[in-house]
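A.B. asks:
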Amino acid sequence: MILASGLRKSFGSFEAVRGIDVDVRRGESFGFLGPNGAGKSSTMRMVAAVSPVSGGTLRILGLDPATDGPEIRARIGVCPQEDTLDTELTVRDNLVVYGRYFGLPRAEVRERADELLEFVQLTDKAGAKVEDLSGGMKRRLTIARSLVNRPELLLLDEPTTGLDPQARHVVWDRLFRLKQQGVTLVLTTHYMDEAEQLTDRLVVMDKGLIVAEGSPLALIAEHSTREVAELRFGVAEEGESHEVLARKVEDLAERVEVLPDRLLLYTADGEETVAQVHERGLTPVATLVRRSTLEDVFLRLTGRTLVD
Ligand SMILES: Nc1ncnc2c1ncn2[C@@H]1O[C@H](COP(=O)(O)OP(=O)(O)O)[C@@H](O)[C@H]1O
Ligand SMILES: [Mg+2]
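So the number in our numbering is just where the residue sits in the sequence shown, counting from 1, plus 35.
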């Protein structure tokens, strides 16, 4: 569905995408995970055939965006990072007008619009103005709009950024359904839980480069331990810097990360590690044992957190 090799994007002398290789297959759900500025949107815009490639090769559905832009755009769906709905029109007319752009007959477009409103649970808002919708509803309408032409490939740039947790879950549920229907999904996100829930395979992007690739589980297995013990220390022990505290426990874990407010001990058995910390006479004011996530993978690979 997508084949990129040495793909680059420059803005003047600045390189936002610095040579990436990507191969997305039909029916898979593929993610680009990375912090702000990683180059995710720049990549998506090239894949959507709306931004010219600066270097390397790119094929979408086997087509070259430099020469086959219109055909590519007719066969894919795009949900951009910022909603670009027409606020002058009703919810339903946003879908109808968009469908007409694709040259679909009027009757067919109407039927499709109703079907899509049902799918994104906006049937009762069909006649409402876009500006009266909540952020989550606007996102769902944008997703519905991107599906008007029954795309083989759906691109979603940060589908839930800015939404509250409940609205996010509704969007995730709809995207999961599309995935089950066999639509190839390609999404970008800086939320590790979104990547874990929705993607079969992902690349971790940082500063215009791919730093790792694999399924969420494989990436975690390769770059982190099974569990993480998070330790927070109170004022009494703050006298000792986190670095000093880290050295006192470093032999208890495979790896220790020092964050501004806590220590992360990477270990196979977090409870056991916390017990050993206490045996050493150290008294963290709070402890949390959890499974490793893609956030830990990102921290391991870049030394930074995904969301700061
Ligand atoms: N049109 C543009 N002109 C100049 N710089 C840009 C432009 N678009 C993006 N950039 C820069 O490219 C880098 C990557 O941006 P972007 O692809 O939007 O990253 P992401 O979507 O991962 O946050 C950022 O440093 C951004 O400032
Ligand atoms: Mg972006």
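All C-beta atoms, glycine included, are put in the ideal place defined by N, C-alpha and C.
1) Taking the alpha-carbon positions, what's the T223 to F67 distance?
2) Kindly provide the ranges of any alpha helix (DSSP H) runs that are 4 or more residues long and lie completely inside the stretch 45-129, ordered along the chain.
3) Which full runs of the alpha helix (DSSP H) of 4+ residues lie inside the stretch 128-183, going along the chain?
4) Run through the DSSP bridge pairs and tell me what G249 is partnered with.
5) DSSP three-state call for G217: helix, strand or coil?
6) Should S86 be counted as a contact of ligand 2 given a C-beta to heavy atom distance under 7 angstroms?
7) Quick one: give me the first and last residue of the alpha helix (DSSP H) that L334 is part of.
8) Rounded to whole angstroms, how far is the Cβ of S48 from the Cβ of C114, which I believe are closer than 8 angstroms?
9) What are the boundary residues of the beta strand (DSSP E) that E262 is part of?
10) Considering only heavy atoms of ligand 1 and the C-beta of each residue, which residues fall inside 6 angstroms, strictly closer?
11) What did DSSP end up calling E231 once you bin it into helix, strand or coil?
12) Looking at C-alpha atoms only, which residue of V205, E150, Q311 is the closest neighbour of S169?
13) To the nearest whole angstrom, what separates the beta carbons of A63 and R174, a pair I think is in contact under 8 angstroms?
14) Which residue wins for smallest C-alpha separation from A303, given the options G162, A142, R94, R290?
15) Suppose you measure from the CA of T78 to the CA of E50; what does that come to, to the nearest Å?
16) Measuring CB to CB, does G338 end up less than 8 angstroms from V324?
17) D99 to L280, Cα distance in whole Å?
18) With a Cβ-Cβ cutoff of 8 angstroms, do P194 and R110 count as a contact?
19) Might you give, ordered along the chain, the residues of its own chain that have their beta carbon closer than 7 angstroms to the beta carbon of G269, omitting 5 neighbours on each side?
20) For a test of your reading of the model: does the CB of E117 fall under 7 angstroms from any non-hydrogen atom of ligand 2? Yes or no.
C.D. replies: In terms of the structure at hand:
1) Per the coordinates, the alpha-carbon of T223 lies some 5 angstroms from the alpha-carbon of F67.
2) Counting whole runs of 4 or more residues, the stretch 45-129 contains the alpha helix (DSSP H) stretches 75-82, 100-110.
3) Contiguous alpha helix (DSSP H) elements confined to the stretch 128-183 occur at 141-154, 170-181, taking only those with 4 or more residues.
4) Under DSSP, G249 forms a beta bridge with L237.
5) Residue state for G217 is assigned as coil, using DSSP reduced to three classes.
6) Exclusion of S86 from the 7 angstroms shell around ligand 2 follows from its C-beta lying no nearer than that to any non-hydrogen atom of the ligand.
7) Unbroken alpha helix (DSSP H) run through L334: 329-337.
8) Between S48 and C114 a beta carbon distance of about 31 angstroms is seen, past the 8 angstroms cut, so the two are scored as non-contacting.
9) For E262, the enclosing beta strand (DSSP E) has its first and last residue at 262-267.
10) So the residues near ligand 1 by this Cβ test are F46, F49, A51, G69, N71, G72, A73, G74, K75, S76, S77.
11) Secondary structure at E231: helix, using DSSP grouped into helix, strand and coil.
12) Taking each of V205, E150, Q311 in turn and checking the Cα distance to S169, the smallest one comes out for V205.
13) Sequence check: residue 63 is Glu here, not Ala. Between R174 and E63 the Cβ distance is about 23 angstroms, and since that is not below 8 angstroms, they are no contact.
14) Ranking the options by Cα distance to A303, first place goes to R290.
15) T78 and E50 have their C-alpha atoms spaced approximately 12 angstroms apart.
16) Taking 8 angstroms as the cut-off, the beta carbon of G338 is found no closer than this to the beta carbon of V324.
17) So the alpha carbons of these two residues sit roughly 55 angstroms apart.
18) No, they are not a contact pair.
19) So the list reads V320, once near-sequence residues are dropped.
20) No, the beta carbon of E117 sits no closer than 7 angstroms to any heavy atom of ligand 2.
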